[in-house]
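Enquirer:
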Amino acid sequence: MPDSTKIRELVEVLGQDSEPKCIDIAYAISEFGANAVPALVKQLESESEDIRRYAFCALSAIGKPAVSALITATQHPDWWVRASAAETLGNIGNSAQAAVPSLIRALQDESEQVRQLAVEALGTTGQHDSTAVPSLALSLQDENERVRRNSVLALARLGRYAHQAVNDLQMVLSDDNRYVRGDAVHALRRIDTPEAREVLIQFLLKSRWCPLTSKESGY
Numbered sequence: 000m001p002d003s004t005k006i007r008e009l010v011e012v013l014g015q016d017s018e019p020k021c022i023d024i025a026y027a028i029s030e031f032g033a034n035a036v037p038a039l040v041k042q043l044e045s046e047s048e049d050i051r052r053y054a055f056c057a058l059s060a061i062g063k064p065a066v067s068a069l070i071t072a073t074q075h076p077d078w079w080v081r082a083s084a085a086e087t088l089g090n091i092g093n094s095a096q097a098a099v100p101s102l103i104r105a106l107q108d109e110s111e112q113v114r115q116l117a118v119e120a121l122g123t124t125g126q127h128d129s130t131a132v133p134s135l136a137l138s139l140q141d142e143n144e145r146v147r148r149n150s151v152l153a154l155a156r157l158g159r160y161a162h163q164a165v166n167d168l169q170m171v172l173s174d175d176n177r178y179v180r181g182d183a184v185h186a187l188r189r190i191d192t193p194e195a196r197e198v199l200i201q202f203l204l205k206s207r208w209c210p211l212t213s214k215e216s217g218y
């Protein structure tokens, strides 16, 4: 039986069984590699969110051969597809480095969910250079706290490649969200340049050394 026939038969039953079974089918489809990508891309137009989710699962397992199609999907009219495409590229990781420019553009998306997943993906797809750092630094100012936190975590993953963002991370040490503040400390520690260490020292010097001290209990 030709591969195209096998792929078509598997795709036709995708989403028609229990979740564990459908995931097994998705992985079976992924074994056909690049040959399965066109059929999976068609499933991204399905009205069923489950079918689209399983299609992304298969594309993630295919990895690098699916990157080009996923880059195209980051511009899909449906925000859910755009967000899932960004998430899938992030799951593929360094093999999806070609997607970095598209993920950077996605940081301007009107959907908060797309921006959240795009910044997260930039922390895994571009770990070996600083291309995304200026855009991630700008995302530290996003109105959505989850976008800001994911931006901090992405910079932490980049480590010393993110040295340009030290001043930006210093600014978010006073962010309203405690997780953003805490993760900024972690990011600066991971960057570990003299400038980053100095920012950390100054931050710690100004921090309250005793959490029990208050106006009512000064000692």
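Taking numbering that gives the first Met the number 0, the leading residue of the sequence shown gets 0, the next gets one more, and so forth.
Every residue gets a Cβ at the ideal spot worked out from N, C-alpha and C, and that includes glycine.
Just so we're clear, the structure is a prediction, and the values are computed from it rather than from any experiment.
Grouping DSSP H, G and I as helix and E and B as strand, with all else coil, what is V12?
Expert: By one-based count along the sequence shown, residue 12 stands at place 13. Three-state result, V12: coil.
Enquirer: Is the Cβ-Cβ distance between L187 and L168 less than 7 Å?
Expert: To locate residue 187, count along the sequence shown from 1; it is residue 188. To locate residue 168, count along the sequence shown from 1; it is residue 169. Result yes, Cβ atoms of L187 and L168 sit closer than 7 Å.
Enquirer: Can you tell me which of the three DSSP states Q115 falls into?
Expert: For the purposes of this step, residue 115 is taken as the residue at position 116 of the sequence shown. Correct three-state label for Q115: helix.
Enquirer: Can Y26 and A68 be called in contact, C-beta distance under 7 Å?
Expert: Translated into the one-based positions of the sequence shown, residue 26 becomes position 27. Translated into the one-based positions of the sequence shown, residue 68 becomes position 69. No.
Enquirer: Look up Q107 in the DSSP assignment and say whether it is helix, strand or coil.
Expert: The sequence position of residue 107 within the sequence shown is 108, counting from 1. Note: Q107 maps to coil in three-state DSSP.
Enquirer: Measuring straight from C-alpha to C-alpha, what distance separates F55 and R7?
Expert: In the sequence shown, residue 55 corresponds to position 56, counting from 1. In the sequence shown, residue 7 corresponds to position 8, counting from 1. So the alpha carbons of these two residues sit roughly 16 Å apart.
Enquirer: Which class does P76 belong to by DSSP, given the choice of helix, strand or coil?
Expert: Within the sequence shown, the letter at position 77 stands for residue 76. Residue state, collapsed to three classes: coil.
Enquirer: Measuring straight from C-alpha to C-alpha, what distance separates A72 and K41?
Expert: Taking the sequence shown and counting its residues from 1, the one referred to as residue 72 is at position 73. Taking the sequence shown and counting its residues from 1, the one referred to as residue 41 is at position 42. Taking the straight line joining both Cα atoms gives about 11 Å.
Enquirer: DSSP state of T71, grouped into three classes?
Expert: Sequence index remark: in the sequence shown, residue 71 carries index 72 (1-based). Note: T71 maps to helix in three-state DSSP.
Enquirer: Looking at the secondary structure, which residues open and close the alpha helix (DSSP H) in which Q42 lies?
Expert: The count along the sequence shown starts at 1 and reaches residue 42 at position 43. From DSSP, the alpha helix (DSSP H) with Q42 extends over 36-42.
Enquirer: How many Å lie between T4 and A153 at the Cα?
Expert: To locate residue 4, count along the sequence shown from 1; it is residue 5. To locate residue 153, count along the sequence shown from 1; it is residue 154. Distance between the alpha carbons of T4 and A153 is about 41 Å.
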